[in-house]
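Residue numbers (the numbering used here): 784 to 1045. Read through the structure below, which is laid out as structure tokens, and then see the notes.
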């Protein structure tokens, strides 16, 4: 916690508020996406299911928590504890919904399903969108599929497989939005980024979760934003977003905003 607090202090030293942003595209992103306060129709239903799951104390055995752990190590936890420890927050999931909704992303890939709540938000951002989500742990995958069934989601394909064994095949399709929330290590993050960037177009958006989760994740983020294919990066501390349109001037922004704490 102290390390992350120190990283945020350093982030603040180089960060800017929206009032010092001179890019019309980024200012519009702040106004229309980050600061969109509308309570969309799907929010209540998804959060109702989340609250129900938070009451479940059933014990489950996990093979892979998706954060760079050794997948051969089995861990015992409860569903409600898992919900608190590994599932993206409501605020972060709703921000991803707003990104996908505002840019009308029609093909979405999520690397790391967890319990499926972020997936549910992404799937509701555009009912005609094709959403593919990958989860390595069979127990978590089963819970997520049950949540999708409860919410009546018809546009989600859940793949239960280790990321490295399936991702290259999945990426033969082109995705407009990819959310990287799987293995939180520098090596894996850069490997998945390099695989995915081979299939980008001018409308592609990559979102990376927990870019300050560790020093190695911060290093991975620094490598990504310097990549020649990336034209624009937005560092929100809680997540990092990159755009690829080659017609844009290469720019990097660290935005000081309430979303830093999602």
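Built from N, CA and C at the ideal position, the CB exists for glycine as well.
Which residue comes first and which comes last in the alpha helix (DSSP H) that contains residue 1071?
No information on residue 1071 is available, as it lies outside the stretch 784 to 1045 that the chain covers here.
For residue 851, collect the residues of the same chain with a Cβ closer than 8 Å to its Cβ; drop the 5 residues on either side in sequence, then sort them by chain order.
For residue 851, the pLDDT reaches just 48, beneath the cut-off of 50, and the residue's location in the model is therefore unreliable, although a value from the coordinates is still provided. The beta carbon of residue 851 lies closer than 8 Å to those of 966, 967, 968, 971 in the same chain, with the five residues before and after it left out.
On the premise that residue 1018 lies in contact with residue 1037, defined as a C-beta separation below 8 Å, what is that separation, rounded to the nearest angstrom?
4 Å
For residue 852, which of helix, strand or coil comes out of DSSP?
Confidence is the limiting factor: at residue 852 the pLDDT is only 45, short of 50, which leaves the residue's position unreliable and the question unanswerable from this model.
Smallest Cα separation from residue 1029: which of 1042, 1041, 1012?
1012
By the three-class DSSP mapping on this structure, what secondary structure does residue 960 have?
Taken through DSSP and simplified to helix, strand or coil, residue 960 comes out as strand.
Would you mind stating whether residue 953 and residue 892 have Cβ atoms separated by less than 8 Å?
Taking 8 Å as the cut-off, the Cβ atoms of residue 953 and residue 892 count as close.
So, is residue 948 buried or exposed, given that buried needs 16 or more other C-beta atoms within 10 angstroms?
exposed
Between residue 876 and the rest of its own chain, which residues show a CB-CB distance below 7 Å, the 5 nearest in sequence each way excluded?
900, 901, 904
Which full runs of the alpha helix (DSSP H) of 4+ residues lie inside the segment 884 to 910, going along the chain?
900 to 907
Comparing alpha-carbon positions, which option in 942, 977, 888, 994 lies nearest residue 960?
Looking at the Cα atoms, 888 is the closest of the given residues.
Could you compute how far the alpha carbon of residue 777 sits from the alpha carbon of residue 921?
The structure shown does not extend to residue 777, since the chain is modelled only from 784 through 1045, so no value can be given for it.
Please state whether DSSP places residue 918 in a helix, a strand or coil.
Residue 918 falls in the strand class under three-state DSSP.
What separation, rounded to the nearest whole angstrom, lies between the Cα atoms of residue 807 and residue 1021?
Taking the straight line from one Cα to the other gives about 23 Å.
Nearest to residue 782 by CA position, among 1034, 835, 826, is which residue?
In the structure as shown, the chain starts at 784 and stops at 1045, and residue 782 therefore has no counterpart that could be examined.
Whole angstroms are fine: how far does the CA of residue 996 sit from the CA of residue 785?
12 Å
Mind checking residue 840: buried by the 16 CB within 10 Å criterion, or exposed?
With fewer than 16 other Cβ atoms within 10 Å, it is exposed.
CB-CB under 7 Å to residue 787, same chain, minus the five flanking residues each way: which ones, in chain order?
995
Could you tell me the alpha carbon to alpha carbon distance between residue 951 and residue 843, rounded to whole angstroms?
The alpha-carbon atoms of residue 951 and residue 843 are separated by roughly 30 Å.
Whole-angstrom Cβ separation of residue 828 and residue 934, contact assumed at under 8 Å?
6 Å
Reference residue 794, options 834, 1001, 923, closest by Cα
1001
Give me the DSSP bridge partner(s) of residue 806.
Looking at the DSSP assignment, residue 806 forms no beta bridge with any residue, so it has no partner.
Could you have a look at residue 1037 and say whether DSSP puts it in helix, strand or coil?
strand
Expressed to the nearest angstrom, what Euclidean distance is found between the alpha-carbon atoms of residue 1039 and residue 863?
Linking residue 1039 to residue 863 through their CA atoms gives a straight-line distance of about 32 Å.
Using the Cβ count rule (16 or more neighbours within 10 Å means buried), how would you classify residue 980?
buried
C-beta neighbour in chain C for residue 930, strict 8 Å
You won't find chain C in this structure, because it holds only one protein chain.
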